[in-house]
Amino acid sequence: MEDQEFCELLETPEATETPAATATPAATAAPAATATPAGPAATPAGPAARPRQVSHRGRSVALAATSNKVDEQIPEFEPFMLLPRGPPPLNGKICRVCDLEYAHKNVSNIYFDFYLIADSLNPRNIMFYLVKVISLVIVHPVLHSRPQRHHTNLYANDYLIVRRAQQFQIKITFNRPYKPKEDKFALEFVMGASPQYSKGTYIPVFPTEERQSIWRGQVIETSDNVVTMGITTAPDCIVGKYGLYVAVVTPYGIRRTKRDPALDHYIICNPWSPADSVFLDDEEQRDEYVLNELGIIYHGAYDDISERAWNYGQFEFGILDACLFIMDKADMPLTNRGDPIKISRKASAMVNSRDDDGVLVGNWSGDYMYGVAPTSWTGSAEILLNYSASGGMPVCYAQCWVYAAVFNTFLRCLGIPSRVVTNYFSAHDNDGNLKMDIILDDNGKVDRGRTRDSIWNYHCWTECYMSRPDLPEGFGGWQVVDATPQETSDGMYRCGPASVAAIKHGQVCYPYDAPFVFAEVNSDVVFYRRSKEGTLQPVKVNTSHVGRMVLTKAVLHDGRKDITDQYKFPEGTPEERRVLEKAEEFGCQREKASVPEADVDVEISAQEVQLGDDFHLELVFTNRSSQRRVVDAYISGTVVYYTGVPMCVRIPVHVQDFSTSR
1 MEDQEFCELL ETPEATETPA ATATPAATAA PAATATPAGP AATPAGPAAR
51 PRQVSHRGRS VALAATSNKV DEQIPEFEPF MLLPRGPPPL NGKICRVCDL
101 EYAHKNVSNI YFDFYLIADS LNPRNIMFYL VKVISLVIVH PVLHSRPQRH
151 HTNLYANDYL IVRRAQQFQI KITFNRPYKP KEDKFALEFV MGASPQYSKG
201 TYIPVFPTEE RQSIWRGQVI ETSDNVVTMG ITTAPDCIVG KYGLYVAVVT
251 PYGIRRTKRD PALDHYIICN PWSPADSVFL DDEEQRDEYV LNELGIIYHG
301 AYDDISERAW NYGQFEFGIL DACLFIMDKA DMPLTNRGDP IKISRKASAM
351 VNSRDDDGVL VGNWSGDYMY GVAPTSWTGS AEILLNYSAS GGMPVCYAQC
401 WVYAAVFNTF LRCLGIPSRV VTNYFSAHDN DGNLKMDIIL DDNGKVDRGR
451 TRDSIWNYHC WTECYMSRPD LPEGFGGWQV VDATPQETSD GMYRCGPASV
501 AAIKHGQVCY PYDAPFVFAE VNSDVVFYRR SKEGTLQPVK VNTSHVGRMV
551 LTKAVLHDGR KDITDQYKFP EGTPEERRVL EKAEEFGCQR EKASVPEADV
601 DVEISAQEVQ LGDDFHLELV FTNRSSQRRV VDAYISGTVV YYTGVPMCVR
651 IPVHVQDFST SR
């Protein structure tokens with residue numbers, strides 16, 4: 001039997017159309033027998049009738065599998081042959097159930113009387129004279145194969161967890177010693193409903209070298225009736241939960257082991273394997289960005305940085321199932337779950353609840369009566385477990401650091417290296433022109449009604465590490481993914497993955513959402529004032545305010561790591577100017593109108609103040625002209641959230657007379 005035929009025979013059979021030629025003679029003769037023998041001939045009445053309407057033409061397309069749940073209906077026995085039609089050949093012999101051994105030796109001359117043995121095809125009634133599987137055991141790699149550790153011993157899970165492109169072992173016990181030249185069997189790895197070989201959800205793995213595929217199998221050891229087989233999965237196989245069977249070839253069909261949930265196992269990404277697209281070639285970084293459950297998230301102000309400890313808990317019991325549930329809830333096709341690019345993009349939409357009842361509900365109002373305040377969360381596990389236990393009911397409430405932390409847990413749990421980063425003075429480009437348009441009113445205040453863009457004191461997002469075969473060389477590595485619902489991307493509130501290297505070099509034309517991320521860290525802030533004619537006149541341009549600093553936790557210790565240089569070149573350097581020119585080619589709009597040079601500069605300095613305390617404010621005016629200037633000054637303040645949005649409260653402020661000096 002050819003390898004391809006064997007794979008097709010092992011594959012779960014799908015519904016096929018019955019050819020018209022297989023109609024029985026009685027069925028084809030039926031219309032003639034019902035014709036009336038006598039009577040006047042029918043006369044044609046008008047044009048021929050229209051053909052019968054059909055709902056579809058050609059083959060119908062089956063829906064893509066979107067659930068990781070292993071199919072419970074895989075048959076234990078599949079016969080090789082279809083039931084024959086018509087009488088047996090004249091020179092053939094009849095083979096009954098008791099003659100199967102004779103049939104195996106003379107299969108070319110035997111006609112199987114399926115009409116007589118169809119009722120006996122129950123696997124319990126068929127005598128297996130070849131080989132029979134007695135037991136099947138997955139060898140735990142952490143306990144039995146330390147040199148090939150899969151770095152999954154930290155997971156609290158009842159099932160085995162292995163990583164892609166790395167060998168693990170399975171022990172099969174037969175009813176007699178295994179004979180490689182006579183016995184034919186395969187290990188079957190299945191996922192989801194209606195597993196198919198062409199979709200990567202049904203994978204047969206053979207013990208012989210001549211029958212190898214992208215999943216490789218080899219016999220490691222044979223001892224009496226026990227065969228130890230090594231399995232090396234493909235580096236791009238689907239991430240998720242698999243079922244396991246052993247299929248044995250017999251003369252009359254394929255017999256497989258019964259469904260055993262205890263043999264289910266998980267396969268996740270492998271940052272330790274160079275063949276995997278998430279390979280990270282640094283042991284300390286793998287320990288930090290994959291295996292570390294504790295982290296620090298930075299917030300506060302650029303000149304007053306605060307820290308928030310967070311328990312990611314990617315190894316806690318139930319978290320891996322919760323992450324797979326998120327992909328099921330998103331109706332993500334199983335065929336896409338081997339690609340970290342597609343996984344991270346889909347998850348960036350599912351971690352927020354704006355479009356598809358995702359994990360977290362955002363709330364920046366200050367009213368958290370019907371949920372948990374974002375500042376009260378200290379870990380991701382409770383959020384993910386609540387979401388999965390409720391069947392997908394969004395959890396209340398979140399802000400940017402909660403979105404980033406939960407997303408970080410999701411990625412690390414699936415084996416994708418990731419980290420949470422904080423960008424200080426983070427721009428929110430509402431109209432996609434890659435600059436911040438701040439419109440002032442006649443009094444010099446920000447016109448909130450006309451200003452759509454905003455600048456956040458800080459904003460947190462997630463980075464994940466992966467190769468980008470869809471981009472030019474050099475744009476792999478760290479990718480920005482953001483689950484905070486700010487703007488839509490392809491119709492959904494999501495962002496990324498966007499290459500950090502592409503953002504630094506102004507290549508904002510590449511997917512996904514690079515222009516938005518570029519504006520967050522490297523856009524100009526342009527202040528406008530409306531003229532008497534109604535046009536907007538630029539009065540000030542600040543090219544260095546946005547993206548003052550980008551921080552993340554340092555590797556393997558609790559210090560900070562400044563990664564601003566990974567996003568942008570230093571302000572004012574020739575490289576930075578070239579990047580802005582490159583970004584202009586792809587839609588970046590820089591203000592080129594001449595801005596009148598101010599002959600009076602103002603510097604404002606204030607000391608750090610606690611809530612409820614008085615504070616001193618110092619204003620320094622510098623006259624750069626050759627003439628005397630009279631300044632009318634007034635002080636106004638607004639209490640705002642870290643997102644730059646003013647709070648809907650009025651706080652009385654008492655200003656004392658201030659001294660002046662020339």
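Residue numbering for the sequence shown follows full-length UniProt numbering, starting at 1 and increasing by one per position. Every residue gets a Cβ at the ideal spot worked out from N, C-alpha and C, and that includes glycine.
Would you mind reading off the limits of the beta strand (DSSP E) that contains residue i?
i	result
I231	226-232
P417	Per DSSP, P417 belongs to no beta strand (DSSP E) and is neither H nor E.
F168	167-174
V133	133-139
E533	It is not in any beta strand (DSSP E) - E533 carries neither H nor E in the DSSP assignment.
residue 687	What the structure shows of the chain is the stretch from 1 to 662, and residue 687 is not part of that stretch, so it cannot be assessed.
Y387	Premise fails: Y387 lies in the alpha helix (DSSP H), 381-389, not in any beta strand (DSSP E).
K445	Premise fails: K445 is in no beta strand (DSSP E) and is neither H nor E.
L160	160-163
M191	From DSSP, M191 is part of no beta strand (DSSP E); its letter is neither H nor E.
Looking at the secondary structure, which residues open and close the alpha helix (DSSP H) in which residue i lies?
i	result
C269	It is not in any alpha helix (DSSP H) - C269 carries neither H nor E in the DSSP assignment.
S344	340-350
R628	That residue, R628, is in no alpha helix (DSSP H); it is neither H nor E in DSSP.
D490	Per DSSP, D490 belongs to no alpha helix (DSSP H) and is neither H nor E.
L244	Unbroken run through L244 is the beta strand (DSSP E), 240-250; no alpha helix (DSSP H).
With burial defined as no fewer than 16 other Cβ atoms inside 10 Å of the residue's Cβ, what is the status of residue i: buried or exposed?
i	result
R628	exposed
T573	exposed
N623	exposed
Y289	buried
S625	exposed
G432	exposed
M436	buried
V609	exposed
E520	buried
D632	exposed
N270	buried
Y370	exposed
R345	buried
V227	buried
E316	buried
I438	buried
D276	buried
Y178	buried
A15	Confidence in A15 is poor, its pLDDT being 39 and thus under 50, which makes the residue's placement unreliable; the coordinate value appears in the next sentence. Looking at its Cβ environment, which holds fewer than 16 other Cβ atoms inside 10 Å, A15 is exposed.
Going by the C-beta, is residue i closer than 7 Å to any heavy atom of the ligand NAP?
i	result
R308	Although the ligand NAP was asked about, the structure shown includes no ligands whatsoever.
What residue from the options has the CA that sits closest to residue i's CA?
i	options	result
F470	D282, C509, I604, K346	Just to set this straight, residue 470 is Asp in the shown sequence, not Phe. That would be C509, whose Cα lies nearest to the Cα of D470.
D282	K561, F615, L556	L556
N225	K171, P251, T488	K171
P472	E221, D562, G432, P511	P511
L414	E382, Y197, C464, P374	C464
Q73	Y197, G192, I138	G192
D183	F206, Q169, V351	F206
V361	D558, V406, L280	V406
A322	D367, M350, I438	M350
K342	Y387, D236, G243, P180	D236
I604	D613, E618, A598, E597	E618
M492	S353, A598, T222	S353
List the whole-angstrom C-beta distance separating residue i from residue j, where the pair is believed to meet the contact cut-off of C-beta under 8 Å.
i	j	result
N68	L385	Rounded, the Cβ-Cβ distance is 17 Å, inconsistent with contact.
L291	L154	7 Å
K543	D565	Residue 543 is actually Thr in this sequence, not Lys. Not a contact, Cβ separation roughly 17 Å.
I238	T201	7 Å
L434	A583	6 Å
Y298	R560	7 Å
C400	H459	5 Å
V139	F168	7 Å
Does the segment 496-510 come into contact with the segment 530-547, if we say contact requires no fewer than three beta-carbon pairs (one atom in each stretch) closer than 8 Å? no
Taking 8 Å as the threshold, find out whether the segment 411-421 comes into contact with the segment 446-454 through three or more Cβ pairs. no
Please confirm if the segment 357-370 is in contact with the segment 389-407, defined as three or more CB-CB distances below 8 Å between the two stretches. Put simply, the segment 357-370 touches the segment 389-407. At least three CB pairs are less than 8 Å apart.
Evaluate the contact criterion for the segment 252-269 versus the segment 159-176: three or more CB pairs, one atom per stretch, below 8 Å. By the Cβ criterion, the segment 252-269 is in contact with the segment 159-176, since at least three pairs of Cβ atoms, one from each stretch, lie closer than 8 Å.
Decide if the segment 473-493 is in contact with the segment 400-418; the criterion is three or more beta carbon pairs, one per stretch, under 8 Å apart. By the Cβ criterion, the segment 473-493 is in contact with the segment 400-418, since at least three pairs of Cβ atoms, one from each stretch, lie closer than 8 Å.
Determine contact between the segment 367-386 and the segment 308-325, defined as no fewer than three beta-carbon pairs at a distance below 8 Å. yes
Count the CB pairs spanning the segment 248-259 and the segment 183-190 that are closer than 8 Å, and state whether there are at least three. Contact between the segment 248-259 and the segment 183-190 is present, because at least three Cβ pairs lie under 8 Å.
Can at least three beta-carbon pairs, one atom from the segment 423-432 and one from the segment 450-465, be found at a separation below 8 Å? yes
Counting beta carbon pairs with one atom in the segment 242-250 and one in the segment 209-218, are three or more of them shorter than 8 Å? no
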